[in-house]
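Inspection log for the structure reproduced underneath, given as structure tokens.
Residue numbers (the working numbering): 42 to 331.
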């Protein structure tokens, strides 16, 4: 099997999985009820949700550039922002082509020659750093929630927060010594990235006039963000919604509202990513800094 055929088969499989999950979701809920929920949304809060999402992506790009600079790729922040936006576009709208992370890695290696292993490691750590804070925030929200299930594991969840950070630090120290000096800065950026996205979802909740079970909805969002990273669907389509659906059922939340939150967040992601098409047709020039 050729590499090109393998990529096409993987893409086709992802599309099928996404389609099956979306179909499954709408066998469980009424689509018209979800639309009714979305029609009542407040545009001002949706605009705020969009702005905080964009802020989260700017911060995420800064975090990525920490790693690039550490491995010797001294790309300017503006050039990196353009490259990051192009990567978002590739991830969501061109799943059959080169992935966003793969393209960024290819360009950085081509322009700065830090070594393929270092480039791949920096992009992997960038993702893992984000997932670490998703997990930490999810644990924190679980502790704040009044759900009886969480209370049963209070001390285990409490211990999991510092333990996860320590384990990630040791993984960095043992396997990624080159980027260890930026460990705490990257964790700090990740904390800000996920906080901005939580505020974005909070604005979506406000736009939908959701005032009850806010912590639980935010917890489900964080879990769905972790699940959506698993490369089984196109841009996380379907996997995030299924997580929201079962999270709502598990925590006693409104299913239509949960799916409405998920769809709204996806539309905000898609709208932001779409601007990356500019740099698809006019590839960004990479400026360096001293």
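Each residue gets a CB set at the ideal place from its N, CA and C atoms; glycine is no exception.
Check whether the region 96-114 touches the region 256-268, taking contact to mean three or more Cβ pairs, one atom from each stretch, closer than 8 Å. Judged by Cβ distances under 8 Å, the region 96-114 makes no contact with the region 256-268, as fewer than three pairs qualify.
For the candidate residues 57, 115, 85, 130, whose alpha-carbon lies nearest to that of residue 320? The residue labelled residue 320 in the question sits at position 279 within the chain shown. In this structure, 130 is the residue among 57, 115, 85, 130 with its C-alpha nearest to the C-alpha of residue 320.
Which complete alpha helix (DSSP H) runs does the region 139-198 hold, if anything under 4 residues is left out? List check, alpha helix (DSSP H) in window: 141-153, 157-185, 189-193.
Taking DSSP as the reference, what is the three-state secondary structure of residue 248? For this step, residue 248 is matched to residue 207 along the chain shown. In the structure shown, residue 248 sits in a helix (DSSP, three-state: H, G or I).
Same chain, Cβ closer than 8 Å to residue 255, neighbours up to 5 away in sequence not counted: On the chain shown, residue 255 is found 214 positions in, with the first residue counted as 1. Here the set comprises 243, 246.
Do residue 300 and residue 316 have their C-beta atoms within less than 8 Å of each other? Residue mapping note: residue 300 aligns to position 259 of the chain shown, counting from 1. Residue mapping note: residue 316 aligns to position 275 of the chain shown, counting from 1. Contact flag unset, no.
Have a look at residue 204 and residue 325 and give me their C-alpha separation to the nearest angstrom. Working through the chain shown from its first residue, we reach residue 204 at position 163. Working through the chain shown from its first residue, we reach residue 325 at position 284. CA-CA distance, residue 204 to residue 325, rounds to 40 Å.
Inter-stretch contact at 8 Å, needing at least 3 Cβ pairs: the region 88-104 / the region 225-237: A contact between stretches requires three or more CB pairs, one per stretch, nearer than 8 Å, and the region 88-104 meets this requirement with the region 225-237.
Enclosing alpha helix (DSSP H) for residue 316 [first to last residue]: Reading the chain shown from its first residue, position 275 is the one you call residue 316. Segment: none, residue 316 is in no alpha helix (DSSP H) and carries neither H nor E.
Which residues in the same chain as residue 160 place their Cβ atom closer than 6 Å to its Cβ, once the five residues preceding and following it in sequence are excluded? By 1-based counting over the chain shown, the position of residue 160 is 119. Only 146, 149, 150 meet the Cβ criterion.
Span separating the alpha-carbon of residue 143 from that of residue 215: Here residue 143 is taken as the residue at index 102 of the chain shown, counted from 1. Here residue 215 is taken as the residue at index 174 of the chain shown, counted from 1. Rounded to whole angstroms, residue 143 to residue 215 spans 24 Å at the Cα level.
Contact between the region 157-173 and the region 115-130 (3+ Cβ pairs under 8 Å): Output reads no: the region 115-130 does not touch the region 157-173.
Cβ neighbour criterion (16 or more within 10 Å) applied to residue 288: Here the question's residue 288 lines up with position 247 in the chain shown. Buried is the call here.
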